[in-house]
Amino acid sequence: MRILFLMLIALPLYAANDLPKFYPGEVRVISAKKFMTDKLTQQGLMIYKEIQEKGYIEKDNFASRQLLDMHLIAKDDMKKHAHDGFLDTHLKESIDEMKIAYAFKGVPQDLIKQHNGYAVTGGYRRIENGDPADGWTGAAHFFDSHEAGSCCFTENNLKAAHGGAELFQEILTYDVQNKPTKLYVSGNQLTGYTWRVTWFNKYFMRELECANKKFMPDFKKKVIELANKIEENQ
Amino acid sequence: MKQKIIMGVLGVCLAASSYAGAWKTTYASRANCLNNESVTWNAWEANTWRTISVHTLLKYPSIVHEIDTGWEKTKRSAAVCWGEQPAIGTKLWRVLGSHYALDDFNRPVLMFQAMIFNCNLIEGWI
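Residue numbers (our numbering), protein chains in the order written: chain Y, 851 to 1084; chain L, 7 to 132.
Given below as structure tokens:
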């Protein structure tokens, strides 16, 4: 029995050698050329091409449904979970109700038509585990904007999360405050559409996603403008 | 008896998918909690994730279990070793959880990584 046990634990273990490794908060911009034989890369570049040509990826979009209904459900969720503590992941009225491991600012007040709550994202850091501070490594701010409808601004502190990202230069623009920026648009007539702008500033991965029931080519410009205004405030 | 427990535990190390992250995606690991595990979840929307949980026996660091869920489109990606810690309270294991997401253009992003020694109770561990 003991010999069998020792044999089992000596078996070679699968190692995730195909995944990129990062030092905490590292963001790299590289070329896709070295990865062209990789199926995921090929599919990713096709997605980018379709967005460039058609304007969006046609598929069911649950984020759109969530955002378009936020103004109806947000208040109840905030009220129901107002006293559930800082580990709770439901909507919160105020940033003070969340324990974030860094100074999360959210969206400036002048850009907000209706505030729909904050929510935590990422993982929870603890001093007892050797982390510099207790708190979540990211947060999101749901709001109705004046120009771009119902939106969600999400921020992940990749340094606090010990995370990292590797971006293909072929799909990047620098539309948000000259930072590496990606744009993804998807949806259909049934669910509605979202425009998701993601940009990287030093250690932060920031994302603004706005929803609209119909696809409108001009909506992209409004979302990027709003992202620029939010980034100015960070 | 102890050997039988250990054998049983080793036999059921697997990557399982079953739910927190009430509005946005959250990531967590826990160690020495009957199970050792790392979990990625979002109650609203399935996304493509890969969760890797590496469990090291503190007294014998050469004993390492790695559970890798592989890429899966799901609301809850869980790399779990059921019953690996026979009793709550004794700290036998260290858990390193790595949580990767596939971004909109199929690039892996490391969203969160943590080394855990404790049984961290958090919303949605069921």
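Using N, Cα and C, we set each Cβ at its ideal position, and we do this for glycine too.
Host beta strand (DSSP E) of residue i (start-end)
{"i": "residue 894(Y)", "result": "That residue, residue 894(Y), is in no beta strand (DSSP E); its alpha helix (DSSP H) goes 889-904."}
{"i": "residue 962(Y)", "result": "962-975"}
{"i": "residue 1060(Y)", "result": "1054-1062"}
{"i": "residue 47(L)", "result": "41-47"}
{"i": "residue 90(L)", "result": "Here residue 90(L) belongs to no beta strand (DSSP E), and DSSP marks it neither H nor E."}
{"i": "residue 1016(Y)", "result": "1014-1018"}
{"i": "residue 801(Y)", "result": "Chain Y is shown from 851 up to 1084; residue 801(Y) falls before or after that span and cannot be answered."}
{"i": "residue 986(Y)", "result": "985-995"}
{"i": "residue 1006(Y)", "result": "1000-1007"}
{"i": "residue 876(Y)", "result": "876-880"}
Bounding residues of the alpha helix (DSSP H) (the contiguous stretch that carries residue i)
{"i": "residue 923(Y)", "result": "912-930"}
{"i": "residue 1072(Y)", "result": "1069-1082"}
One or two residues paired with residue i in a DSSP bridge
{"i": "residue 74(L)", "result": "58(L)"}
{"i": "residue 1029(Y)", "result": "1026(Y)"}
{"i": "residue 957(Y)", "result": "Paired residues: none, contrary to the question."}
{"i": "residue 79(L)", "result": "54(L)"}
{"i": "residue 945(Y)", "result": "In DSSP, residue 945(Y) forms no bridge with anything."}
{"i": "residue 103(L)", "result": "59(L) and 120(L)"}
{"i": "residue 38(L)", "result": "In the DSSP output, where bridge partners are listed per residue, residue 38(L) has none listed."}
{"i": "residue 979(Y)", "result": "Paired residues: none, contrary to the question."}
{"i": "residue 907(Y)", "result": "1036(Y)"}
{"i": "residue 6(L)", "result": "Because chain L is modelled from 7 through 132, residue 6(L) falls outside the range shown and cannot be assessed."}
Cβ neighbours of residue i in the same chain (closer than 8 angstroms, five flanking residues each side left out)
{"i": "residue 98(L)", "result": "38, 63, 64, 65 and 91"}
{"i": "residue 861(Y)", "result": "Unreliable placement is indicated for residue 861(Y), whose pLDDT of 34 sits below 50; no coordinate value is reported for it."}
{"i": "residue 1019(Y)", "result": "879, 880, 881 and 882"}
{"i": "residue 24(L)", "result": "Bear in mind that the predicted position of residue 24(L) carries a pLDDT of just 34, short of 50, making it unreliable; the figure below should be weighed with that in mind. Counting only Cβ-Cβ distances below 8 angstroms, and skipping sequence neighbours, we find 82 and 84."}
{"i": "residue 977(Y)", "result": "983 and 984"}
{"i": "residue 1080(Y)", "result": "957, 958, 961, 1003, 1056 and 1058"}
{"i": "residue 892(Y)", "result": "886"}
{"i": "residue 1027(Y)", "result": "1049, 1051, 1078, 1081 and 1082"}
Contacts around residue i, its chain only, beta-carbon distance under 7 angstroms, and the 5 residues preceding and following it disregarded
{"i": "residue 1067(Y)", "result": "905"}
{"i": "residue 1012(Y)", "result": "874"}
{"i": "residue 924(Y)", "result": "941, 966, 967 and 992"}
{"i": "residue 914(Y)", "result": "1037, 1041, 1042, 1043, 1044 and 1061"}
{"i": "residue 955(Y)", "result": "1083 and 1084"}
Beta-carbon contacts of residue i that lie in its chain and below 6 angstroms, excluding the five residues immediately before and after
{"i": "residue 877(Y)", "result": "1015 and 1050"}
{"i": "residue 105(L)", "result": "33, 46, 57, 117 and 118"}
{"i": "residue 869(Y)", "result": "none"}
{"i": "residue 131(L)", "result": "Low confidence applies to residue 131(L): its pLDDT is 46, below 50, so where it sits in the model is not reliable enough to give any reading."}
{"i": "residue 121(L)", "result": "102"}
{"i": "residue 8(L)", "result": "Any answer about residue 8(L) is weak, because its pLDDT of 45 lies below 50 and its placement is not dependable; what the coordinates show is given next. Around residue 8(L): no qualifying Cβ."}
{"i": "residue 55(L)", "result": "46, 83 and 107"}
{"i": "residue 1070(Y)", "result": "1045"}
{"i": "residue 1056(Y)", "result": "1005 and 1049"}
{"i": "residue 22(L)", "result": "Because residue 22(L) carries a pLDDT of 48, less than 50, the predicted location of this residue cannot be relied on, and no value is offered for it."}
{"i": "residue 74(L)", "result": "58"}
{"i": "residue 1083(Y)", "result": "958"}
Interface partners of residue i on chain A, CB under 7 angstroms
{"i": "residue 941(Y)", "result": "The structure shown contains no chain A; its protein chains are Y and L."}
Proximity test, residue i beta-carbon vs the ligand MN heavy atom, cut-off 7 angstroms
{"i": "residue 1000(Y)", "result": "Among the ligands in the structure shown, none appear at all, so the ligand MN cannot be discussed."}
Cβ separation of residue i and residue j, assumed to be a contact under 8 angstroms, to the nearest whole Å
{"i": "residue 1073(Y)", "j": "residue 990(Y)", "result": "Their Cβ separation, rounded to whole angstroms, is 16 angstroms, which puts residue 1073(Y) and residue 990(Y) out of contact at 8 angstroms."}
{"i": "residue 941(Y)", "j": "residue 29(L)", "result": "6 angstroms"}
* **Within 8 angstroms of chain L by C-beta, residues of the region 1039-1063 of chain Y in sequence order** => 1046, 1048 and 1055
* Asked: If contact means a Cβ-Cβ distance below 7 angstroms, which residues of the region 47-60 of chain L contact chain Y?
  -> 50, 51 and 58
* Can you list, in chain order, the residues of the region 869-896 of chain Y whose Cβ is nearer than 7 angstroms to any Cβ on chain L? -> 869, 870, 872, 890, 891, 893 and 894
* To do: Determine which residues of the region 32-45 of chain L have a Cβ less than 7 angstroms from any Cβ of chain Y, and write them out in chain order.
  => Residues of the region 32-45 of chain L with a C-beta atom less than 7 angstroms from some C-beta of chain Y are 32, 33 and 34, listed in chain order.
* Asked: Just by C-beta distance, which residues in the region 904-928 of chain Y are closer than 7 angstroms to chain L?
  -> 912, 913 and 916
* According to a CB-to-CB cut-off of less than 7 angstroms, which residues of the region 103-115 of chain L neighbour chain Y? -> 106, 110, 111, 112, 113, 114 and 115
* Asked: the region 1011-1023 of chain Y: which residues have C-beta closer than 8 angstroms to a C-beta of chain L, in chain order?
  -> Cβ contacts with chain L come from 1011, 1012, 1013, 1014, 1015, 1016, 1017, 1018 and 1021.
* Contacting positions in the region 1025-1039 of chain Y - beta carbon closer than 7 angstroms to chain L -> 1032 and 1034
* Check each residue of the region 944-963 of chain Y: if its Cβ is closer than 8 angstroms to any Cβ of chain L, include it; give the result in chain order. => none
* **the region 88-101 of chain L: positions lying closer than 7 angstroms to chain Y by Cβ** => none
* When you check each C-beta in the region 969-985 of chain Y against every C-beta of chain L, which residues fall closer than 9 angstroms? -> 969, 970, 971, 972, 973, 974, 975, 976, 978, 979, 980 and 981
* Below 7 angstroms between beta carbons is the criterion; list the residues of the region 993-1011 of chain Y that meet it against any residue of chain L, in chain order. => 1004, 1006 and 1011
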